[in-house]
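Chains as they are written, first to last, in the UniProt record's numbering: chain G, 1 to 401; chain S, 1 to 401.
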């Protein structure tokens, strides 16, 4: 009998940013955060976990390449914690249950987006790892409980255990047991929430978020004010905006929080920069787009947000996506026929809406934005069929060629 | 008899940044600030003021081009205030004094640096305006008193009334009478304080500082924390560092405050960016230079600071200037023979100090940094001789050709 399970897990992009840990080994954050889960039809990590008494050690392959599981490292912690849950919740209660917690595991994981796209894969990756082990171990499927473990792999991974709009409650306990993800609203609540990812070319490798955020905690005089006096109200206000499907408020808070995250990064010593001139130009274009929209209707129509890198994610309602892509390709031209819209939108060579001041940005050279990904809000981890397994009969990763 | 006077006034570059007004018409700041006055041998505004009963209105020419003096505008306010001082302090006390306060004035002003250099000329310009009128009107020369008037022309102009290290005390009174400049230390206290200005090419016109700072006051959640809890201690600490000639502390505070100013600009809605990718690269190079210095001696050797634009000003001790210019031209090459050092330094084609990690920045194309200005700390406004007058016999600006 083969004990194995394959799951996929989504990427999430925060609207209220996580930046700073109060406990670096348990990965407990200095503030709560909130994200939108993106559709696995477009971006996902897929993971197969297999337990077998013949395996001599825990092993893991990422995109076909073996990663060393360091003792006491993040992957090791997640695997150990999942084995512990298997024992406590299944084996200790049912003497007939196979003792999978005593077997070593082989894990193969695959991201369907290139690492070079600059999209954080650790969130979807650790969410897929934890959910595949949960399926392998037939654990009661409470995503908040699993999020406690995914969090110890990569903080933001805890938010990828749910679809829709997801809050990571910072918690106050030193054990971290109250620092988990909860769903604010499922994807079905606001299915017209779409996202456009602008993949920005960047020569320079930025500061890793793990070391960057701790430098901010140690040196930024502004961070504590953000944590104590800004984020709590934003969490409350954006949660209400989501429940009310109030895009204008959702967008304003999302943009302000992206900018404030980059502001505290800049208030760090030495300062940390993730956005570059192309990122700044995308902000200028979206701000002008919103200025025109506010003039007409009083409400903004798009929200940019930037994580620890130069890529923009633009949230908008489905009805505005075509107009926004046209605008983006006007300033950031794409090679002919390079962009195929998965929703069937026909995009021309770019134009701006009426009343738009084109002087807010120059037309950049082809390749400045090196790719566009149009996606939408999506669901949480999915259990996949046996035919999707990433491991071959020997328990080694299948060739993906 | 011709009543006229010519003075020159210096540029100043803040170490603790002024950003935000509590009173926009009196130009009262939300926080105190502190600057270094740069040498007028290199950068200066020169102004001739003449009072004559034949003049029919106050007129002003900047670099040969007439500027309209708007009623209630900043130039008008400064001229009116200076006439009031003339009347109160001179004419009301001495019945024989000519009634210059009743005459119109012609004013010609000239900046010896190109506006295109992107250096703020309003500080030196208003300081020269006020000091030339003070000389014309034979006012008792108390720079702090004059700074009250220069402040109403352009906030940071008040700091150009002194040489050396200058604090602008924010004050608390609604009249603004306690919001003036004071000298922390004269230029003779620390004559080895040098400055290297890197003039950065920028396609895009940034947000004006006048409108930008008020947008920050209105929308940045972080600004109030900066004002109340960060700046007061920095003012105290940097003043002490100056008195102690403690370059390490001076530099660390200067860099942190530049970064924090740009952080609150970014925390504004819509966000304000003044630094571009070249500015960021200069920061990376100076930070690496300091990292190497700290490793060797425990102390930093250079301090970058950026005002409301992409240009860097690098403060350093005289002994390090050559090394720093060599390093800057390594990453930001200059056209052959374009840089002539006024202090006679012989600069090669660029090199970095031992132990310096060259991967912190790429080598930029020629023109990215379009000019270098090496200068040093300098004195306050200077009264110039009659031969320096900028007005001809008719009271019109002399041709400068």
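Idealized CB from N, CA, C, for every residue including glycine.
Any Cβ of chain G closer than 8 Å to the Cβ of residue 287 of chain S would place that residue at the interface, and such an atom is present. Near chain S, meaning a CB-to-CB distance below 7 Å, the residues of the region 267 to 281 of chain G are 267, 269, 270, 271, 273, 276, 277, 280.
As the crow flies, the alpha-carbon of residue 11 of chain S is around 59 Å from that of residue 128 of chain G. In this structure, DSSP gives residue 38 of chain S an extended state, which the three-state scheme calls strand. DSSP, read as helix, strand or coil, puts residue 209 of chain G in helix.
With the criterion set as a beta carbon lying under 9 Å from some beta carbon of chain G, the region 59 to 75 of chain S has no members that meet it. Remark: C-beta atoms of residue 74 of chain S and residue 171 of chain S do not approach each other more closely than 8 Å. The beta carbons of residue 291 of chain G and residue 273 of chain S sit about 16 Å from each other, so the pair does not count as a contact at 8 Å. In the displayed model, residue 363 of chain S falls within coil according to three-state DSSP, outside both helix and strand.
Within the region 213 to 261 of chain G, complete alpha helix (DSSP H) segments of at least 4 residues are found at 231 to 243, given in chain order. Put simply, of G/366, G/248, G/135, G/361 the residue whose alpha carbon is nearest the alpha carbon of residue 349 of chain G is G/366. Looking at the DSSP output, residue 182 of chain S bridges to S/167. For residue 50 of chain G, the closest Cβ of chain S is not nearer than 8 Å. Membership of residue 152 of chain G in the alpha helix (DSSP H) is indicated by the continuous run 143 to 153. Sequence-distant partners of residue 30 of chain S (beyond 5 residues in either direction) whose C-beta falls short of 6 Å from its own C-beta, in its chain, are 20, 22, 227. With the criterion set as a beta carbon lying under 7 Å from some beta carbon of chain G, the members of the region 346 to 363 of chain S are 362, in sequence order. What residue 222 of chain S touches in chain G, judged by beta-carbon distance under 9 Å, is 222, 225, 226, 230, 260, 263, 264, 267, going in chain order. The alpha-carbon separation between residue 376 of chain G and residue 247 of chain S amounts to approximately 53 Å. Scanning its chain for C-beta atoms nearer than 6 Å, with the 5 sequence neighbours on each side dropped, one finds around residue 79 of chain G the residues 58, in chain order. Given a length threshold of 3 residues, each whole run of the beta strand (DSSP E) inside the region 59 to 120 of chain S is given here in chain order: 59 to 62, 65 to 67, 104 to 111. A Cβ-Cβ separation of about 7 Å places residue 4 of chain S in contact with residue 391 of chain S under the 8 Å criterion.
Distance between residue 338 of chain S and residue 44 of chain S, taken at the CA atoms: about 21 Å. In the displayed model, residue 394 of chain G falls within coil according to three-state DSSP, outside both helix and strand. Interface with chain S (8 Å Cβ-Cβ cutoff): residue 314 of chain G is excluded. Assigned with DSSP and collapsed to three states, residue 290 of chain G falls in helix. Approximately 19 Å separates the beta-carbon atoms of residue 37 of chain G and residue 309 of chain G; this is outside 8 Å, ruling out the contact. Bounds of the alpha helix (DSSP H) holding residue 130 of chain G are 122 to 136.
Cβ contact annotation for residue 264 of chain G (same chain, cutoff 7 Å, sequence separation greater than five): 19, 216, 220, 222, 223, 226, in chain order. Listed along chain S, the residues sitting closer than 7 Å to residue 283 of chain G by beta-carbon distance are 271. With the rule of 3 Cβ pairs closer than 8 Å, the region 95 to 110 of chain G counts as touching the region 47 to 58 of chain G. Residue 308 of chain S is outside the set of residues whose beta carbon lies under 8 Å from a beta carbon in chain G. Sorting G/384, G/307, G/344, G/345 by C-alpha distance to the C-alpha of residue 13 of chain G places G/307 at the top. When 7 Å is used as the limit between beta carbons, residue 14 of chain S is near no residue of chain G, the shortest such separation being about 17 Å. Under the 8 Å criterion on CB atoms, residue 185 of chain G is classed as non-interfacial with respect to chain S.
Sixteen is the threshold: when 16 or more other Cβ atoms of the shown chains lie within 10 Å of the Cβ of residue 262 of chain S, as they do, the residue is buried.
An exposed status is given to residue 354 of chain G, since fewer than 16 other beta-carbon atoms sit within 10 Å of its beta-carbon.
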